[in-house]
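Here it is, written out as structure tokens:
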């Protein structure tokens, strides 16, 4: 029947058995016999052979409408099958070396897996990778998205996420200037973003005798720490080879020196009554989290969904 329908539709298009036979590379008698057999099966004539050019009977018009609809349905079916095939080979690789990456990538992948079960998802947290190698992965197409705070806008576009405020965290027993205690910001105010204006510090000399943990050059917060320490005229710093805010924070909790961390990290850890928090009016007192992607590539549906979920997730924080 499929062959008969193909022949019938070609006759309909050309309005001639002889022209249709030439385009189908078959003899006209063979074409006519196939069409006639199908008409006998249907119990009605499709073509009015008394007209020139050949025309459709009333029943024939209905039958051609049916063939048109069948072809549309077949195209839609093939499109959906192709889409499914593409999804089954789609990969989503998200990279990042910061605390934000560690917190949100697994959560978002968990949500995406339900919506895109055929997408192969990979998280690369950059352990042991120099930052330039991660950028190279994004530029070469070996990664789809990167969670970061800086962006080379000549190579990458980005989707802005939230802004993180920098917070000085120090153990109570690490404070020698009594004046600092009056500026301490309660944990609850940081978590709820309700820090009172009078708690914000503009006199950095209050930190003069606070010993800060010096951070590794691979840390995303390094440049800010160095500028702050320079402005605060801090007397001495401890040096430890650690790269993440979480590592810095745990060292601070164990008395190894004050750290500069972010409000996002504080919102994601339990309160410690032995730790005090301070916020300054330092001109670079926040940083913009971003999702970077290659300018020369289009984002897949799963990559777009990742970005949307990330924005929604961080807006709620």
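Numbering (this note's numbering), first residue to last: 799 to 1115. Quick reminder that beta carbons are idealized off the backbone N, C-alpha and C, glycines included.
From the options, residue whose alpha carbon lies closest to that of residue i
i            : options              : result
residue 929  : 889, 837, 950, 1113  : 950
residue 946  : 940, 960, 938        : 960
residue 997  : 1008, 981, 1075      : 981
residue 1019 : 1084, 978, 970       : 1084
residue 869  : 1053, 803, 938       : 803
residue 1012 : 990, 985, 1045       : 1045
residue 1080 : 972, 1023, 992, 891  : 1023
residue 1052 : 967, 911, 1078       : 967
residue 986  : 1076, 838, 891       : 1076
residue 847  : 914, 957, 814        : 814
residue 831  : 811, 873, 805        : 805
residue 942  : 988, 991, 889        : 889
residue 911  : 1104, 1112, 1109     : 1104
residue 828  : 953, 811, 801        : 801
residue 1069 : 983, 1095, 809, 1009 : 983
residue 1072 : 1050, 1088, 1093     : 1050
residue 862  : 915, 816, 808        : 808
residue 939  : 1091, 1108, 1110     : 1091
residue 944  : 915, 1078, 1088, 821 : 1088
residue 1093 : 812, 834, 963, 952   : 952
residue 1010 : 1000, 969, 995       : 969
residue 993  : 973, 964, 1008       : 964
residue 971  : 822, 1074, 818, 838  : 1074
residue 785  : 1026, 825, 842       : Since the first residue of the chain shown is 799 and the last is 1115, residue 785 is not available in this structure.
residue 1043 : 1113, 835, 897, 1107 : 897
residue 816  : 834, 826, 936        : 826
residue 936  : 1048, 900, 894, 962  : 894
residue 811  : 873, 835, 865        : 865
residue 1108 : 989, 899, 962        : 899
residue 1110 : 957, 1008, 1047      : 957
Reduced DSSP secondary structure (H/G/I, E/B, other) of residue i
i            : result
residue 1098 : coil
residue 963  : strand
residue 838  : helix
residue 863  : helix
residue 820  : helix
residue 843  : coil
residue 982  : coil
residue 920  : strand
residue 809  : helix
residue 997  : helix
residue 852  : coil
residue 1008 : coil
residue 931  : helix
residue 872  : helix
residue 1113 : helix
residue 901  : helix
residue 832  : helix
residue 906  : helix
residue 951  : coil
residue 1107 : helix
residue 825  : coil
residue 1003 : helix
Identity of the residues DSSP links to residue i by a beta bridge
i           : result
residue 939 : Looking at the DSSP assignment, residue 939 forms no beta bridge with any residue, so it has no partner.
residue 987 : Per DSSP, none; premise fails for residue 987.
residue 958 : 1088
residue 894 : 945
residue 889 : 918
residue 969 : 1073
Proximity test, Cβ basis, 9 Å: residue i and chain D
i            : result
residue 1055 : Going by chain labels, chain D is absent from the structure shown, which holds only one protein chain.
- [ ] Could you tell me which uninterrupted alpha helix (DSSP H) segments, each at least 4 residues in length, are contained entirely in the region 1035–1095, listed from first to last along the chain?
- [x] 1043–1051, 1061–1065
- [ ] Report yes or no: do the region 907–921 and the region 1097–1110 share at least 3 C-beta pairs separated by less than 8 Å?
- [x] yes
- [ ] Tell me, please, whether the region 1049–1058 touches the region 928–944 by the rule of three or more beta-carbon pairs shorter than 8 Å.
- [x] no
Open item on the list: Is it the case that the region 999–1006 contacts the region 968–979, given that we only count it when at least three CB pairs across the two stretches are under 8 Å?
Closed with: yes
Open item on the list: For the pair the region 891–910 and the region 852–859, tell me if three or more CB-CB distances fall below 8 Å.
Closed with: no
Task: contact_flag[the region 1062–1074, the region 845–853] where n(CB pairs < 8 Å) is 3 or more - done: no
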